[in-house]
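K.L.:
Plus 208 on top of the position in the sequence shown (first one is 1) and you've got my numbering.
Let me give you the structure first, and then I'll get to my questions.
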Amino acid sequence: MLAIVIPAINEAKHINRVIYNVNVLKPDLILPIINGCSDDTLNTVLGSKNSAVKVLHFHEPLGIDVPRALGALYAFRNGASRVIFVDGDMSGDFQFHLLELDIALVNGAHMALSNCYPYITSRHPLISMILQFRARLNSALGLYAQLGLASPSHGPHGITKELFSAIPTRELALPPVSLVLAANHGFHVKVATALPHTKLGSPAKGNLHSETVANTLIGDCVEGLEILKQGPRSRLWEGKKYVGYHNARRFDIIEAYLAKSRSWDIFRPRK
């Protein structure tokens, strides 16, 4: 069973296009994780005619990457054998790349990644810094030759139930950490497709947001590196602490669903 998890916050303009795109895979379940919205994202999705759509709704914002963890938890608890994550603002035309991800999972990869920087181009200094930390982490894992600059932080990617069952669910909310744990467990991690960032269709959201996201992603890589060193978890690197949006991640909500102390708020599209 294939499930597509679509994190979405204020994506009324893009979400239907994303649902249309992922339907190329004919998934059994399309699971938008709608959280913290002040726009009409929920009603937009509820107008979908796709019978595979089921919405998990959260009034509160979950924080970056937490919707992935919760979506995976729900999907695997409800019979999925593999999950592909596609963000709710990724409205570009990349259906073929989604097919490549799913083929990789079906054929033995436990984590299938997109390489969103497959070409050497002129890059913004902020992007270059993020990529330096990705390269550092992938090299430390001994996987740079296989993965290059690919990361589960960036672009559509997928995991299998076998991998999900072997690592703590909360770590899916820190994608570089999930990569480290997957590698440490001996799972097959593979770049399944070369999907340039410019093809994702994600709109620019301003310099402050970009800088905060960069600090989040770098801090996640630092945590991954610290795990490899078997040291205490830290986001500190050469005297600077990379926090970004990390403190807004609602790990407590993940724990509540793991403990089954909170029930899912589920919506189906209107008939």
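Yeah, the Cβ is synthetic: ideal placement off N, Cα and C, and Gly gets one too.
Near N392, what residues of its chain come up, given a Cβ to Cβ distance below 6 Å and the 5 sequence neighbours on each side ignored?
P.N.:
On the sequence shown, position 184 is the one that residue 392 refers to. Taken in chain order, the list of residues that qualify is empty.
K.L.:
Under three-state DSSP, which class holds G279?
P.N.:
Indexing the sequence shown from 1 puts residue 279 at position 71. Reduced to three states, the DSSP call for G279 is helix.
K.L.:
Have a look at I461, S299 and K234 and flag the residue whose alpha-carbon is nearest the alpha-carbon of M209.
P.N.:
Taking the sequence shown and counting its residues from 1, the one referred to as residue 209 is at position 1. Residue K234 is the option with its Cα nearest to M209.
K.L.:
Near D248, which residues of its chain fall below 6 Å by C-beta distance, leaving aside the five closest residues on each side in sequence?
P.N.:
In the sequence shown, counting from the first residue as 1, residue 248 sits at position 40. Closer than 6 Å at Cβ, skipping near neighbours: A220.
K.L.:
Skipping 5 residues on each side, what residues in its chain have a beta carbon closer than 7 Å to that of G207?
P.N.:
No answer is possible for residue 207: it lies beyond the span of the chain, which begins at 209 and ends at 479.
K.L.:
When we look at the beta-carbon of S469 and count the other beta-carbons within 10 Å, is it buried (16 or more) or exposed?
P.N.:
Counted from its first residue, the sequence shown places residue 469 at position 261. So S469 ends up on the exposed side.
K.L.:
DSSP three-state label for S373, please.
P.N.:
Reading the sequence shown from its first residue, position 165 is the one you call residue 373. If DSSP states are grouped into helix, strand and coil, S373 belongs with the helices.
K.L.:
Say whether the region 256–275 touches the region 458–477, bearing in mind that this needs 3 or more beta-carbon pairs closer than 8 Å, one atom from each stretch.
P.N.:
yes
K.L.:
Applying the 10 Å Cβ sphere with the 16-neighbour rule, what's the burial state of V213?
P.N.:
Locating residue 213 in the sequence shown gives position 5, counting from the first residue. Looking at its Cβ environment, which holds 16 or more other Cβ atoms inside 10 Å, V213 is buried.
K.L.:
Using the rule of at least 16 other Cβ atoms within 10 Å of the residue's Cβ for burial, across every protein chain shown, is Y228 buried or exposed?
P.N.:
Residue mapping note: residue 228 aligns to position 20 of the sequence shown, counting from 1. It counts as exposed.
K.L.:
Please go through the region 376–462 and give each complete beta strand (DSSP E) segment of 3 or more residues, from N-terminal end onward.
P.N.:
397–402
K.L.:
Measuring CA to CA, which of C429, A348 and G356 is closest to A381?
P.N.:
Here residue 381 refers to the residue found at position 173 when the sequence shown is read from its first residue. Ranking C429, A348 and G356 by Cα distance to A381 puts C429 first.
K.L.:
To the nearest angstrom, report how far apart G356 and N415 are at their CA atoms.
P.N.:
Stepping through the sequence shown from its first residue, residue 356 is reached at position 148. Stepping through the sequence shown from its first residue, residue 415 is reached at position 207. Going by the C-alpha atoms only, they are around 26 Å apart.
K.L.:
Could you pull the DSSP bridge partners for L321 from this structure?
P.N.:
Locating residue 321 in the sequence shown gives position 113, where the first residue counts as 1. DSSP, once it has assigned bridges, lists V399 as partnering L321.
K.L.:
I'd like to confirm the pairing. Which residues does DSSP put opposite F475 in its beta bridges?
P.N.:
Locating residue 475 in the sequence shown gives position 267, where the first residue counts as 1. According to DSSP, F475 bridges with V263.
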